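One structure below.
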Amino acid sequence: SDTGILTIHFWAPTFKWSISLANIADINRDPSYLSLPQQIAICLTGLLFTRFAYMIKPRNLNLLTINFFMSMTSFYQISRIGQYKYNVYMKEKER
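In terms of my numbering, the sequence shown opens at residue 7 and continues consecutively.
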């Protein structure tokens, strides 16, 4: 079988969950330490490969789910970075 627990089609998406778990762990981290280019790259690749995982046959739901969660967790981090940079800009403008 092309799918199953003994194939790369199972283990590669399973280990990709660590990227989303790292983003979730960074929720309490100060946004000044987060990398905007890195989060944009994770978000875009997550969206791109979500589409890819939807189109391939047979569908790999583990791959589809992890890529969707990667894009959503990184989008949340991007919004935190944007809010932080906006607040810093407004504080600088007040001076």
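Don't be surprised by glycine CBs; every beta carbon is placed ideally from N, CA and C.
In this text, all values refer to a predicted model and were calculated from it rather than measured experimentally.
- About 20 angstroms separates the beta carbon of Ser41 from that of Ile72, a gap too long to meet the 8 angstroms contact definition.
- Of the other Cβ atoms in all chains shown, 16 or more fall within 10 Å of the Cβ of Thr79; this residue is therefore buried.
- Segment contact: the segment 33-47 against the segment 55-72, fewer than three CB-CB distances shorter than 8 angstroms; contact not assigned.
- Arg35: not part of any alpha helix (DSSP H); DSSP gives it neither H nor E.
- Ile87 is positioned such that its CB atom lies no closer than 8 angstroms to that of Gln44.
- Note on geometry: alpha-carbon atoms of Arg57 and Met96 lie some 38 angstroms from one another.
- Of the residues Met76, Ile30, Ser85, the one whose Cα lies closest to the Cα of Leu54 is Met76.
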